[in-house]
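Undergrad: Residue numbers (the working numbering): 269 to 673. For glycine and all other residues, C-beta sits at the position ideal for the given N, C-alpha and C. Nothing here was measured: the structure is a model prediction, and the numbers come from that model.
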Ligand SMILES: *Cc1c(COP(=O)(O)O)cnc(C)c1O
């Protein structure tokens, strides 16, 4: 990968006609070091947020040793790159063939489930010559509320608290290690999401009367976007640790989390070009079928900036984007704030696309190809709230230090 300094240099030197993914390895290193030092347990990177090998290896370099994989393709990808990583197959509904390959070929020992049928599937797939495996960690996925999150994950997976005790008892018989996991939904804007979920966990444990070895609070840790400024992640971690310590579980029980967005959002942005302007609508060369799926479908607002050698003096106005495909749905209503003199030929950098941006590109309509270039400037927003600790590339984020700008 070439290393340029920032979006402006990339625009000048490459004059790219297709969108360019700008990656910031230092931002991913910072995020990895932040989670490994500040989260009071083990952090599994949720690979679906961004399966870039370069990112996965960078997170490893930053201390991440555990990975949440949700398909056999993700299992093969991470195992191929990181032979000694711990993989957890945390999709509650898996193909039996995928479970067998994960267990027998790739050394996966951790699986999630939310039904008795999936338990039978896992037991069958992991047996050797009819002898059941005795080294499984099985996590029962509990259904919890997504009330505090921007993107719900409450309807598809998870067993209700009323039905959980019977499944917990059955899993206890089959597993060497029993876990409970949940997902509060993505971009959880309040730490209360985790406190509420932990109340469900407590109820299920008390009702089942089983010994639980692992509590996995899933993902959902927020990043910063325009109009979405969550409390600092340390506040989330403190709420989680307090709730964990109050659970009726053994002293040696482990606490896990599965951040996707929070480990990857800062890692990538996209440099795109304006091909046409119609009033305050900009026809740009990336869109809903590229890295802006969430901007189109759930009106996610990403930070944007005009990339010009001489900063525009014009007032800022609200703009909407049309992507490059011929589909009317390729529309991102924003609003995105840009100088009012933005015009065809200008480049725009869209930030915070490392999570669920890069990962969701398609080749629809012949678009989707584009270069990837490493840059070394700061991400467009960071893990650290405004007024908090500035992030220095390559340095560990100092926790608990009340720094000022
Ligand atoms: C998507 C997902 C994650 C990551 O969620 P984020 O909101 O990106 O942190 C973690 N665990 C599971 C099971 C998931 O499906």
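#1: Let's test the definition: count the other Cβ atoms within 10 Å of the Cβ of residue 638 and tell me whether it reaches 16, buried, or not, exposed.
#2: With DSSP as the reference, label residue 273 as helix, strand or coil.
#3: Give me the Cα-Cα distance between residue 595 and residue 576, rounded to the nearest whole angstrom.
#4: By the DSSP assignment, the alpha helix (DSSP H) with residue 322 in it spans what residues?
#5: Is residue 529 near ligand 1, judged by its Cβ being under 7 Å from some heavy atom?
#6: Would you report the Cα separation of residue 442 and residue 602, rounded to the nearest angstrom?
#7: At what residues does the beta strand (DSSP E) containing residue 537 begin and finish?
#8: For residue 396, count the other beta carbons within 10 Å of its own beta carbon; 16 or more makes it buried, fewer makes it exposed. Which is it?
#9: When the Cα of residue 351 is compared with those of 364, 367, 340 and 333, which residue comes out closest?
#10: Quick check: the region 444 to 451 against the region 472 to 484, are at least 3 beta-carbon pairs closer than 8 Å?
#11: What separation, rounded to the nearest whole angstrom, lies between the Cα atoms of residue 589 and residue 544?
#12: Would you list, in sequence order, the uninterrupted alpha helix (DSSP H) runs of no fewer than 4 residues that lie entirely inside the region 427 to 476?
#13: Reducing DSSP to helix, strand and coil, say where residue 343 ends up.
#14: In angstroms with no decimal places, state the Cα-to-Cα distance between residue 468 and residue 512.
#15: Does the Cβ of residue 342 lie closer than 7 Å to at least one heavy atom of ligand 1?
#16: Could you give the first and the last residue of the continuous alpha helix (DSSP H) run that contains residue 508?
#17: Along the beta strand (DSSP E) that carries residue 386, what are the first and last residues, could you check?
#18: Among the residues of its own chain, which have a CB less than 8 Å from the CB of residue 556, if the five just before and after it don't count?
#19: Which residue marks the beginning of the beta strand (DSSP E) containing residue 312, and which one marks its end?
#20: Helix, strand or coil: which one does DSSP assign to residue 519?
#21: From this set, 501, 434 and 331, which residue's C-alpha is nearest residue 455's C-alpha?
#22: Kindly give me the distance between the Cβ atoms of residue 627 and residue 319, rounded to whole angstroms, as I take these residues to be in contact under 8 Å.
#23: Inspect the beta-carbon positions of residue 330 and residue 296 and report whether they are closer than 8 Å.
#24: Where are the alpha helix (DSSP H) runs, 4 residues long or more, that stay fully inside the region 545 to 578, in chain order?
#25: So, at 7 Å on beta carbons, what are the nonlocal neighbours of residue 327 in its own chain, with the 5 sequence-adjacent residues on each side left out?
#26: Beta carbon of residue 401, beta carbon of residue 412: below 8 Å?
#27: Please confirm whether any heavy atom of ligand 1 lies closer than 7 Å to the CB of residue 489.
TA: According to the structure data:
#1: Residue numbering aside, residue 638 sits at position 370 when the chain shown is read from its first letter. Residue 638 is buried by the Cβ-count criterion.
#2: The count along the chain shown starts at 1 and reaches residue 273 at position 5. Coil at residue 273, not helix or strand.
#3: In the chain shown, residue 595 corresponds to position 327, counting from 1. In the chain shown, residue 576 corresponds to position 308, counting from 1. Each residue's alpha carbon lies about 29 Å from the other.
#4: Working through the chain shown from its first residue, we reach residue 322 at position 54. Start and end: 321 to 329.
#5: Locating residue 529 in the chain shown gives position 261, counting from the first residue. Because some heavy atom of ligand 1 lies under 7 Å away, the Cβ of residue 529 counts as near it: yes.
#6: Walking along the chain shown from the start, residue 442 turns up at place 174. Walking along the chain shown from the start, residue 602 turns up at place 334. Taking the straight line from one Cα to the other gives about 49 Å.
#7: As a position in the chain shown, residue 537 is number 269, starting the count at 1. Here the beta strand (DSSP E) through residue 537 covers 536 to 546.
#8: On the chain shown, position 128 is the one that residue 396 refers to. That one is exposed.
#9: What you label residue 351 is simply residue 83 of the chain shown in a count that begins at 1. For the residues 364, 367, 340 and 333, the minimum Cα distance to residue 351 belongs to 333.
#10: yes
#11: Here residue 589 is taken as the residue at index 321 of the chain shown, counted from 1. Here residue 544 is taken as the residue at index 276 of the chain shown, counted from 1. Looking at the two C-alpha atoms, the distance is approximately 10 Å.
#12: 432 to 442 and 460 to 476
#13: Against the chain shown, residue 343 aligns to sequence position 75. Correct three-state label for residue 343: helix.
#14: For the purposes of this step, residue 468 is taken as the residue at position 200 of the chain shown. For the purposes of this step, residue 512 is taken as the residue at position 244 of the chain shown. When rounded, the distance between both Cα atoms is 12 Å.
#15: As a position in the chain shown, residue 342 is number 74, starting the count at 1. Result no, Cβ not under 7 Å from ligand 1.
#16: For the purposes of this step, residue 508 is taken as the residue at position 240 of the chain shown. 501 to 513 is the extent of the alpha helix (DSSP H) around residue 508.
#17: As a working mapping, residue 386 is identified with position 118 in the chain shown. Where residue 386 is concerned, there is no enclosing beta strand (DSSP E), although the alpha helix (DSSP H) it sits in stretches over 384 to 394.
#18: On the chain shown, position 288 is the one that residue 556 refers to. 563, 564, 565, 591, 593, 595, 597, 598, 599 and 600.
#19: In the chain shown, residue 312 corresponds to position 44, counting from 1. From DSSP, the beta strand (DSSP E) with residue 312 extends over 310 to 314.
#20: Within the chain shown, residue 519 is the residue found at index 251, counting from 1. Three-state result, residue 519: coil.
#21: Reading the chain shown from its first residue, position 187 is the one you call residue 455. Closest by alpha carbon: 501.
#22: As a position in the chain shown, residue 627 is number 359, starting the count at 1. As a position in the chain shown, residue 319 is number 51, starting the count at 1. Yes, residue 627 and residue 319 are in contact; Cβ-Cβ is about 6 Å, under 8 Å.
#23: The residue labelled residue 330 in the question sits at position 62 within the chain shown. The residue labelled residue 296 in the question sits at position 28 within the chain shown. Contact: yes.
#24: 561 to 565
#25: As a position in the chain shown, residue 327 is number 59, starting the count at 1. Once the five neighbours on either side are set aside, the close Cβ partners of residue 327 are 296, 300, 313 and 531.
#26: In the chain shown, the residue the question calls residue 401 occupies position 133. In the chain shown, the residue the question calls residue 412 occupies position 144. Not in contact: residue 401 and residue 412 (Cβ atoms no closer than 8 Å).
#27: Sequence index remark: in the chain shown, residue 489 carries index 221 (1-based). Yes, the Cβ of residue 489 comes within 7 Å of a heavy atom of ligand 1.
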